[in-house]
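Numbering (this note's numbering), first residue to last: 1 to 441.
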């Protein structure tokens, strides 16, 4: 991650120092498991636990010659020990260390992301509560469609957030898997009990059937969860960007004291956080593509995935956490302008009641084709004469012969149109101490 978007807690997990520390922990746990089985003398075990260490600079120096990071690490560790170093990495292969370490890094990164995702869920829930009953114009294809409420609009994001949380939980369960089964995964030189011991102590599961590596479809599932998280935040950011446009102006990102929107135009207040979320979401989708391509390795393994994963995991986890850290205050500070939203709706005229009349005419016995013709005629006439759709329908004897004026007024009302808002929002199970029994209440 570049410094601009780096979160220290996440960067620490993926740092070189952290990686080597995890490798050493795995190696020592493997020796412990063999010691418990009576295969390592207790004194050697004591010396390893007391003295095993590594030197980052020394590892880099060795790697410049051997061109193998795990070998360089093991050499550095051996230099910190005496003859007891022979027990380190016994019967293991590089991927035993690499993949098991990766599982712990994903686990710890996932913990940070999960906590922030919980905070976003709470923020979205509060946004739904504070916009419940705030009427606005719904749009399809970017065009006026029918009225809705801000509460219903944001409820969709809350619901999506819950689904993302489940995907992340599933992705973490799938990918937090280690292996200590040796070259090509046959346990030829290590009893499976060593793997069980190491993974249990690390708080991860053991791979069901490993080759020389943990299967990469597991990791792709985790990256998919992050990509879907990015997609959710991009969809939210896109909605804010559209609603903040000058000609709409129904919501606005918070604008801090001293903040500036443009180097050239002092009047600008731009949706910069929303735009940033949209851009970073593209990165997460790109990492998913690479992660899927990493699943097809030659035979029991190759290392075509390795170089790509050195970018994918730290960056994807870092971006996901950064996006969430920006999204929570964006949601918390989002300004809502109910008056502007209602003004937009009023400027649309009342032709959006056309479907209400269409369905009533069908209920009165007309075919859909005949009902559509009658309603379209009234809607087009109202638009061309810049008149009310309701008034136009009331003046049409073909319509009033089937629908009374009182019935027309009842169905061409916001109360009728949005009468089920509470029913929909109540499905979310959000606490609400206000009683919104009518739209706009």
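Even for Gly, the Cβ is constructed at its ideal location relative to N, Cα and C.
If you're wondering where the values come from, they're calculated on a predicted model, not measured in any experiment.
Item                                                                                                                                                        : Value
Measure the beta-carbon distance from residue 132 to residue 148 and round it to whole angstroms, keeping in mind my assumption that it falls under 8 Å.    : 12 Å between Cβ atoms; not a contact.
Assuming residue 340 contacts residue 249 (C-beta within less than 8 Å), just tell me the rounded distance between them.                                    : 5 Å
Measuring CB atoms only, is the segment 160 to 178 touching the segment 359 to 377, in the sense that at least three cross pairs come out at less than 8 Å? : no
Taking only three categories from DSSP, how would you classify residue 252?                                                                                 : strand
Can you tell me which of the three DSSP states residue 437 falls into?                                                                                      : Note that residue 437 scores 40 on pLDDT, short of 50, meaning its location in the model is unreliable and no value can be drawn from it.
Based on Cα-Cα distance, which residue from 257, 291, 320 and 300 lies nearest to residue 280?                                                              : 320
Can you look up residue 67 in the DSSP assignment and give me helix, strand or coil?                                                                        : coil
If you follow the alpha helix (DSSP H) that residue 278 is in, where does it begin and where does it stop?                                                  : 272 to 293
Return the CA-CA distance between residue 1 and residue 289, expressed in angstroms with no decimal places.                                                 : 19 Å
To the nearest angstrom, how far is it from the Cα of residue 439 to the Cα of residue 343?                                                                 : Legend: pLDDT at residue 439 = 42, less than 50; position of this residue unreliable, no value from coordinates given.
Let me check one thing: in DSSP terms, what residues is residue 136 bridge-paired to?                                                                       : 148
Below 9 Å between beta carbons: does that hold for residue 361 and residue 390?                                                                             : no
Within a Cβ cutoff of 7 Å, which residues of the same chain sit near residue 127, ignoring the five residues on either side of it in sequence?              : 154, 331 and 334
Considering residue 399, what are the terminal residues of the alpha helix (DSSP H) in which it resides?                                                    : 397 to 400
At the level of alpha carbons, what is the spacing between residue 309 and residue 317?                                                                     : 12 Å
Exposed or buried, residue 158, counting other C-beta atoms within 10 Å across all chains shown (16 or more means buried)?                                  : buried
If we ignore side chains and look at the alpha-carbon of each, how far apart do residue 93 and residue 44 end up?                                           : 21 Å
Can you list, in chain order, the stretches of the alpha helix (DSSP H) that have 4 or more residues and sit fully within the segment 188 to 240?           : 192 to 202
Residues in its own chain within less than 7 Å of residue 392 by CB, not counting five upstream and five downstream?                                        : 378, 381 and 382
Would you call residue 367 buried or exposed, if buried means 16 or more other Cβ atoms sit within 10 Å of its Cβ?                                          : exposed
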